[in-house]
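*Asks:* Right, I'll just put the structure down here and ask away after.
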Amino acid sequence: MKSSRAKELEKIRQKTIQAIRFSERYWMIYKENTFGLATILDLIYKKSYIEVLFFTNTDVLKKGVPLLKVYSPLDTVVDFDTVVVDPDFDEDGLISPTRIIERINELIDEEFQHHLEILDKEVELINREFENYSIDENPYYREIRIYFPDFIIKFQINFEKYPLKPELDFTSELSRIVTEEEFLNMDFYSNWDRDNPPHIIDLVDQIILIVKERLNLPPLYKDSQHILFEDVSVSEEVRNISFKVVRGESVGILTERYKKNPDKIKTDLLHLFNVIKGYEEKFSGKVKIFGKYLQLLSEKEKERIILLPEAFETNVYKLPVKKAIKYGLDVNPTWEFEKGRFEQKLKDAGLLPITEEYKSISLIGRLLNWIQQWRNKGKFVNDILSESRLFHKRKIEFSKLPALDYLLFCISRALLQSPKLIMCSIPEGLLDRLEFDKFNEFIKRMKKKYHTVIVLNGPKEIVSECDKIVTIKRQRVDSGSYDELIKQLPQSGTIISIEIHDIQEDLMQEMFNIPDVIFIEERENEKYKLFINQNPEEVILKLVEILGPSLFHLKVFKASLGEYLEFLENVSKIS
């Protein structure tokens, strides 16, 4: 006859086989005279394995071993020994391999989530300081653009294995200053400490330092990569506006119309835009345009700050779109100037090869360069028309464009001037719902492709899609990203919507008396929106308890920008 231990061990074997039957991640092992399971711990930035051994009740009583042993040679943030302290059992009183696998998976996910939080923090630091974009939809593989006064440096960096060394890919321009191989052998990179790694942004700063030193450049202005507004005020209503953006980002301004003077806010915003453009000087606060104070900008620099809509000459409206869009403009893509200035910097630093230096000064070289520039101008116009979906309408008379196309035309024309900043007001009622979607997609494409900052004042359907948002309500101004603004709401923007019917008046009053809840009526005595300042589950239980069968429908959802504004209208603070 089989011993008690042998029977228990056979049960453990069968249960382990059953647990891993449909799992590709686990396999069965036999170790220390018992069965168990193992899996690979693949966290991208580190790889290891986990072994779990199951012991019989007989072994526990006779040998004093634990029911479970968990072994992994790698240090982890989560503690896999919690499975040992509080193991799971089946109804037969033996350990449950299936439930143990579920708990191990949860702990692995928790460990990986911790790693993602670290990576997200690195992305946040980069986003705050530099224009950058994800590559291949991988948030931890990014192209970073660094703007110097006369040229741009770009490179790609993959840090999904951080805290291990990131992988770098230098562009040909950067490689002319410092090669990738050379940089990888520098102390900063070669002595990378995975246990105490520098931030990715520190590596970017190191590249900036190398470029600056090798090209004999002066230090970059503070905030040279940003447009900065700090406590900017132009009136009693439009005041204390603050935000900080890099190229390729948009700012949405949402305003409230005043009943007594509905045009006042419009006038105040125009005043703000005129101040930024340089038409007016009466304001308080600090405005810096990529490192330079607004008051110190040259006339040429102010020309690259564009205020829309533009006033066109009468004859422009009769021109076809392709001629109208470049009418009166000296179309010169900025990269043409940047390329020439960059090569001059290389030449001054002794880094430009003799062959290229000769090419730049020879008659044939200059002729070829002129032809290339002429071609680039035409391509630049066609590319912008294509991106704005106006290329197939290029022969249509400008005056016959519908509202959306007119708006796209104006912004596209502004982009032909290689602007640093575009400002535009879009009146309520100009676009319908489908047109909002098309316009938002257009802005998303253009700000990234042409590396400019766009400030939009308009309906919430447009403003809510911007990277940074400024809301101006009566005498209150808030600014931040959509997520930052929503987090200002109670419970980080969690809202409860309810529909009720056939409710007694005393129950209705009892519902309104629930503490720390603001009720907004959407349909008289039937539909309400609840802004809550306590645990949503507790509020739901109270609602069910009070309303009973009168509660027809209940939904929990995240606040939109419109609901954020609705909250500001109805209450200043929930205490």
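Count along the sequence shown from 1, add 965, and you get the number used in our numbering. We treat Cβ as the ideally placed atom computed from N, Cα and C, and that holds for glycine.
Roughly how many angstroms lie between the CA atoms of E1268 and F1255, to the nearest whole one?
*Replies:* Here residue 1268 is taken as the residue at index 303 of the sequence shown, counted from 1. Here residue 1255 is taken as the residue at index 290 of the sequence shown, counted from 1. Cα to Cα, the separation comes out at about 15 angstroms.
*Asks:* Given this structure, state the Cα-to-Cα distance separating D1152 from K1251, to the nearest angstrom.
*Replies:* Within the sequence shown, the letter at position 187 stands for residue 1152. Within the sequence shown, the letter at position 286 stands for residue 1251. Going by the C-alpha atoms only, they are around 39 angstroms apart.
*Asks:* Please list the terminal residues of the continuous alpha helix (DSSP H) segment that includes S1013.
*Replies:* For this step, residue 1013 is matched to residue 48 along the sequence shown. S1013 -> not in any alpha helix (DSSP H); beta strand (DSSP E) instead, spanning 1012 to 1019.
*Asks:* Can you tell me where the beta strand (DSSP E) holding K1104 begins and where it ends?
*Replies:* Position 139 of the sequence shown, counted from the first residue, corresponds to residue 1104. Going by the sequence as given, residue 1104 is Pro instead of Lys. It spans 1103 to 1112 - the beta strand (DSSP E) in which P1104 sits, taken as one unbroken run.
*Asks:* Under 8 angstroms, with one C-beta from each stretch per pair, do the stretch 1518 to 1528 and the stretch 1462 to 1477 reach the 3-pair mark?
*Replies:* yes
*Asks:* Pick helix, strand or coil for S1525, following the three-state DSSP scheme.
*Replies:* On the sequence shown, residue 1525 is found 560 positions in, with the first residue counted as 1. It is coil, neither helix nor strand.
*Asks:* Is C1375 helix, strand or coil by DSSP?
*Replies:* On the sequence shown, residue 1375 is found 410 positions in, with the first residue counted as 1. DSSP places C1375 in helix when its eight states are reduced to three.
*Asks:* What number of angstroms, rounded off, separates the C-alpha of A1524 from the C-alpha of I1437?
*Replies:* Stepping through the sequence shown from its first residue, residue 1524 is reached at position 559. Stepping through the sequence shown from its first residue, residue 1437 is reached at position 472. Spanning the two alpha carbons is a distance of roughly 18 angstroms.
*Asks:* Can V1025 and L1002 be called in contact, C-beta distance under 8 angstroms?
*Replies:* Locating residue 1025 in the sequence shown gives position 60, where the first residue counts as 1. Locating residue 1002 in the sequence shown gives position 37, where the first residue counts as 1. For V1025 and L1002, no; Cβs fall outside 8 angstroms.
*Asks:* Does M1151 come out as helix, strand or coil in the three-state DSSP assignment?
*Replies:* What you label residue 1151 is simply residue 186 of the sequence shown in a count that begins at 1. Coil.
*Asks:* Suppose the cutoff is 8 angstroms on Cβ atoms and the five residues either side in sequence are ignored; what does the same chain contact list for F1120 look like?
*Replies:* Here residue 1120 is taken as the residue at index 155 of the sequence shown, counted from 1. Counting only residues of its own chain and dropping the five nearest sequence neighbours on each side, F1120 has a CB closer than 8 angstroms to the CB of E1108, I1109, L1133, D1134, F1135, T1136, L1139, I1172.
*Asks:* Are the Cβ atoms of L1234 and V1203 separated by less than 8 angstroms?
*Replies:* As a working note, residue 1234 is residue 269 in the sequence shown. As a working note, residue 1203 is residue 238 in the sequence shown. The criterion of a C-beta distance shorter than 8 angstroms is satisfied by L1234 and V1203.
*Asks:* Could you work out which residue in L1530, N1239, S1429 is closest to S1198 when comparing CA atoms only?
*Replies:* Reading the sequence shown from its first residue, position 233 is the one you call residue 1198. The candidate whose alpha carbon is nearest that of S1198 is N1239.
*Asks:* From the DSSP output, in three-state form, read off H1191 for me.
*Replies:* The residue labelled residue 1191 in the question sits at position 226 within the sequence shown. If DSSP states are grouped into helix, strand and coil, H1191 belongs with the strands.
*Asks:* For E1076, collect the residues of the same chain with a Cβ closer than 6 angstroms to its Cβ; drop the 5 residues on either side in sequence, then sort them by chain order.
*Replies:* The residue you call residue 1076 lines up with position 111 of the sequence shown. Answer for E1076: T1041, V1042, V1043, listed in chain order.
*Asks:* In chain order, what residues of the same chain have a beta carbon less than 8 angstroms from the beta carbon of C1375, not counting five sequence neighbours either side?
*Replies:* Against the sequence shown, residue 1375 aligns to sequence position 410. Excluding residues within five positions, the ones whose Cβ falls inside 8 angstroms are L1273, P1274, E1275, C1389.
*Asks:* At what residues does the beta strand (DSSP E) containing L1002 begin and finish?
*Replies:* In the sequence shown, residue 1002 corresponds to position 37, counting from 1. L1002 -> beta strand (DSSP E) spans 999 to 1007.
*Asks:* Looking at the secondary structure, which residues open and close the beta strand (DSSP E) in which F1496 lies?
*Replies:* The sequence position of residue 1496 within the sequence shown is 531, counting from 1. Looking at the DSSP string, the run of the beta strand (DSSP E) that includes F1496 is 1492 to 1497.
*Asks:* Which residue or residues does DSSP assign as beta-bridge partners of M1388?
*Replies:* Taking the sequence shown and counting its residues from 1, one reaches residue 1388 at position 423. DSSP, once it has assigned bridges, lists L1272, V1420 as partnering M1388.
*Asks:* Could you check what DSSP says for R1488 in three-state terms: helix, strand or coil?
*Replies:* Here residue 1488 corresponds to residue number 523 of the sequence shown, with the count starting at 1. In the structure shown, R1488 sits in a strand (DSSP, three-state: E or B).
*Asks:* How big is the Cα-Cα spacing for K1287 and T1279?
*Replies:* Along the sequence shown, one-based indexing puts residue 1287 at 322. Along the sequence shown, one-based indexing puts residue 1279 at 314. Going by the C-alpha atoms only, they are around 16 angstroms apart.
*Asks:* Tell me which residues share the same chain as R1064 and place their Cβ nearer than 7 angstroms to its Cβ, disregarding the 5 neighbours each side in the sequence.
*Replies:* In the sequence shown, counting from the first residue as 1, residue 1064 sits at position 99. For R1064, where only same-chain residues beyond five positions count, the Cβ hits under 7 angstroms are D1053.
*Asks:* Note down, in chain order, each residue of its chain lying with its Cβ closer than 7 angstroms to the Cβ of E1487, except the 5 sequence neighbours on either side.
*Replies:* The residue labelled residue 1487 in the question sits at position 522 within the sequence shown. Listed in chain order, the non-local C-beta contacts of E1487 below 7 angstroms within the same chain comprise Y1493, K1494, local neighbours out to five positions each way being set aside.
*Asks:* If you run the structure through DSSP and keep just helix, strand and coil, what is Q1121?
*Replies:* For the purposes of this step, residue 1121 is taken as the residue at position 156 of the sequence shown. Strand.
*Asks:* Within the chosen definition, does the stretch 1439 to 1451 reach the stretch 1396 to 1406 through at least 3 CB pairs nearer than 8 angstroms?
*Replies:* no
*Asks:* What do you get for Q979, buried or exposed, if any count of 16 or more other CB atoms within 10 angstroms of its CB means buried?
*Replies:* In the sequence shown, the residue the question calls residue 979 occupies position 14. Q979 comes out exposed.
*Asks:* Tell me whether G1458 sits in a helix, a strand or coil according to DSSP, three-state version.
*Replies:* As a first step, residue 1458 is located in the sequence shown; it is residue number 493 there, counting from the start. DSSP places G1458 in the helix class (H, G or I) of the three-state scheme.
*Asks:* Determine the DSSP secondary structure at K1452, reduced to helix, strand or coil.
*Replies:* Start at 1 with the first residue of the sequence shown, and residue 1452 comes out as number 487. DSSP places K1452 in coil when its eight states are reduced to three.
*Asks:* Among V1210, P1038, L1039, P1062, which has the Cα closest to the Cα of V1571?
*Replies:* This structure cannot speak to residue 1571, because the chain is shown only from 966 to 1540.
*Asks:* Determine the DSSP secondary structure at E1434, reduced to helix, strand or coil.
*Replies:* Taking the sequence shown and counting its residues from 1, one reaches residue 1434 at position 469. Residue identity differs from the one stated: residue 1434 is Ile in this sequence, not Glu. Reduced to three states, the DSSP call for I1434 is strand.
*Asks:* Would R1378 pass as a contact of I1290 if the rule is Cβ separation under 8 angstroms?
*Replies:* For the purposes of this step, residue 1378 is taken as residue 413 along the sequence shown, with counting starting at 1. For the purposes of this step, residue 1290 is taken as residue 325 along the sequence shown, with counting starting at 1. Going by C-beta atoms, R1378 is nearer than 8 angstroms to I1290.
*Asks:* Could you tell me which of D1074, N1022, V1346, I1434 sits nearest to I1060, measuring between CA atoms?
*Replies:* To locate residue 1060, count along the sequence shown from 1; it is residue 95. Closest by alpha carbon: N1022.
*Asks:* Tell me whether G1423 is buried or exposed, calling it buried when 16 or more other Cβ atoms sit within 10 Å of its Cβ.
*Replies:* As a working mapping, residue 1423 is identified with position 458 in the sequence shown. When all chains shown are included, G1423 counts as buried.
*Asks:* Have a look at L1182 and F1356 and give me their C-alpha separation to the nearest angstrom.
*Replies:* Numbered from its first residue, the sequence shown carries residue 1182 at position 217. Numbered from its first residue, the sequence shown carries residue 1356 at position 391. Distance between the alpha carbons of L1182 and F1356 is about 42 angstroms.
*Asks:* Is it the case that the Cβ atoms of S1444 and S1207 are separated by a distance below 8 angstroms?
*Replies:* Mapped onto the sequence shown, residue 1444 falls at position 479. Mapped onto the sequence shown, residue 1207 falls at position 242. A contact, by the Cβ cut-off of 8 angstroms.
*Asks:* Hey, L1032 and F1020 are a contact pair by Cβ (cut 8 angstroms); roughly how many whole angstroms apart?
*Replies:* Here residue 1032 refers to the residue found at position 67 when the sequence shown is read from its first residue. Here residue 1020 refers to the residue found at position 55 when the sequence shown is read from its first residue. The pair is a contact, with the Cβ atoms about 6 angstroms apart (cut-off 8 angstroms).
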